[in-house]
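Q:
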Amino acid sequence: MNILREPQVRLIALTHFSKPEEVPWETDTDLETQQLIEFAGRECYQSWSNPSGRTNQAYIANLLEHGHLSVLEHAAATFRITGISRACSHELVRHRHFSFSQLSQRYVPHREVNFIEPAVIASDPEAHRIFLEVVGHCQEAYRRLEEILSAKFQHVEDGILRRKLARQAARMVLPNATETRMVVTANFRALRHFFRVRCTEHADVEIRTVALKMLRIMQKVAPAVFGDFQILTLEDGTVVARSPYPWD
6 MNILREPQVR LIALTHFSKP EEVPWETDTD LETQQLIEFA GRECYQSWSN
56 PSGRTNQAYI ANLLEHGHLS VLEHAAATFR ITGISRACSH ELVRHRHFSF
106 SQLSQRYVPH REVNFIEPAV IASDPEAHRI FLEVVGHCQE AYRRLEEILS
156 AKFQHVEDGI LRRKLARQAA RMVLPNATET RMVVTANFRA LRHFFRVRCT
206 EHADVEIRTV ALKMLRIMQK VAPAVFGDFQ ILTLEDGTVV ARSPYPWD
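Going by this note's numbering, the letters in the sequence shown line up with residues 6 to 253, in that order.
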């Protein structure tokens with residue numbers, strides 16, 4: 006039994022932009038997602054000339070300042086997230102503009118599953134002992150149920166179906182602390198909303214940790230879009246992020 010305490014977030018894909026050759030427009034950034042956002046904004050008004058010399062960063066800052074965020078939806082990022090609990094994933098999937106592909110408990114055996122232990126439990130010896138005891142019992146119950154149910158479904162000729170029938174029932178004893186893994190895709194507007202509501206002190210610690218990791222990545226790859234979020238440490242040590250803009 007492995008205990009995990011820190012989620013892992015990796016950026017695995019970003020939208021690619023290929024400027025139409027027939028459009029007489031240039032910009033000053035090499036970041037393709039930011040190029041795409043500016044291009045989409047200029048397409049609305051066919052404003053391909055730039056006599057004022059406005060930079061890409063200034064153009065996007067103006068969009069954010071005025072709440073013209075629909076053009077941000079053309080750019081998207083994809084993340085691989087591991088080391089999070091099923092409880093955290095249930096909060097993540099509430100973000101309906103995200104797309105998810107999640108580890109299947111019906112097809113993947115959980116006999117040697119990882120569990121996510123909150124820091125507040127890990128830091129208390131008695132709470133830690135109780136946590137280990139409970140998740141250990143859950144894991145053993147899963148193993149026994151899978152064995153019993155696999156035998157019960159021996160008459161099913163299809164091996165994949167037989168294992169699925171056993172695992173989909175046995176998984177019911179796995180706790181919220183069970184690790185899951187996901188591929189998550191979101192457009193930049195949806196990400197801004199996610200950061201606004203999940204990077205605050207009001208969010209659950211685990212999903213806030215995930216959100217802050219994602220935000221730090223996005224501030225590197227699309228600084229004009231996400232650089233307005235300021236990451237702060239509150240007096241109690243809680244790390245949060247805030248934007249000066251009132252809209253998502």
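The beta-carbon is built from N, C-alpha and C at its ideal position, and this holds for glycine as well.
#1: Residues in the same chain with beta-carbon distance under 8 Å from residue 173, minus the five sequence neighbours each way, listed in chain order, please.
#2: Pull up the distance between the alpha-carbon of residue 74 and that of residue 245, whole angstroms please.
#3: How would you label residue 90, buried or exposed, when you count the other beta carbons within 10 angstroms and need 16 or more for buried?
#4: Output needed for residue 193: all residues of its chain with C-beta closer than 6 Å, excluding positions within five of it in sequence on either side, in chain order.
#5: Answer with buried or exposed for residue 176, where buried requires no fewer than 16 other C-beta atoms within 10 angstroms of its C-beta.
#6: Helix, strand or coil, according to DSSP, for residue 19 in the structure here?
#7: What residue does the beta strand (DSSP E) around residue 245 start on, and which one ends it?
#8: Smallest Cα separation from residue 188: which of 40, 25, 182, 105?
#9: Assuming residue 198 contacts residue 253 (C-beta within less than 8 Å), just tell me the rounded distance between them.
#10: Spatial neighbours of residue 136 within its chain, please: C-beta separation below 7 Å, excluding the five flanking residues on both sides.
#11: Assuming residue 115 contacts residue 179 under a Cβ cut-off of 8 Å, what Cβ separation, rounded to an integer in Å, is found between them?
#12: Give the range of the alpha helix (DSSP H) segment to which residue 193 is assigned.
#13: Decide if residue 144 is buried, meaning its Cβ has at least 16 other Cβ atoms within 10 Å, or exposed.
#14: Alpha carbons only, please: which of 150, 184, 220 is nearest the one belonging to residue 195?
#15: Report the residue ranges of all beta strand (DSSP E) runs contained in full by the region 56-108; include only those spanning at least 3 residues, in chain order.
A: The answer reads as follows:
#1: Stepping through the sequence shown from its first residue, residue 173 is reached at position 168. Contacts found: 110, 111.
#2: Along the sequence shown, one-based indexing puts residue 74 at 69. Along the sequence shown, one-based indexing puts residue 245 at 240. Whole-angstrom Cα-Cα distance: 23 Å.
#3: In the sequence shown, the residue the question calls residue 90 occupies position 85. By the neighbour-count rule (16 or more Cβ atoms within 10 Å), residue 90 is buried.
#4: The count along the sequence shown starts at 1 and reaches residue 193 at position 188. 77, 80, 230.
#5: Taking the first residue of the sequence shown as 1, we reach residue 176 at position 171. Buried.
#6: The count along the sequence shown starts at 1 and reaches residue 19 at position 14. Reduced to three states, the DSSP call for residue 19 is strand.
#7: Within the sequence shown, numbered from 1, the residue matching residue 245 stands at position 240. Start and end: 244-247.
#8: For the purposes of this step, residue 188 is taken as residue 183 along the sequence shown, with counting starting at 1. Here the closest residue by C-alpha is 105.
#9: Against the sequence shown, residue 198 aligns to sequence position 193. Against the sequence shown, residue 253 aligns to sequence position 248. So it is a contact: roughly 4 Å between Cβ atoms.
#10: To locate residue 136, count along the sequence shown from 1; it is residue 131. For residue 136, where only same-chain residues beyond five positions count, the Cβ hits under 7 Å are 122, 126.
#11: Here residue 115 is taken as the residue at index 110 of the sequence shown, counted from 1. Here residue 179 is taken as the residue at index 174 of the sequence shown, counted from 1. Residue 115 to residue 179, Cβ: 6 Å. Contact.
#12: Taking the sequence shown and counting its residues from 1, one reaches residue 193 at position 188. Segment 193-203, the alpha helix (DSSP H) holding residue 193.
#13: The residue given as residue 144 occupies position 139 in the sequence shown. Residue 144 is buried by the Cβ-count criterion.
#14: As a working note, residue 195 is residue 190 in the sequence shown. Considering only alpha carbons, the answer is 220.
#15: 81-90, 104-107
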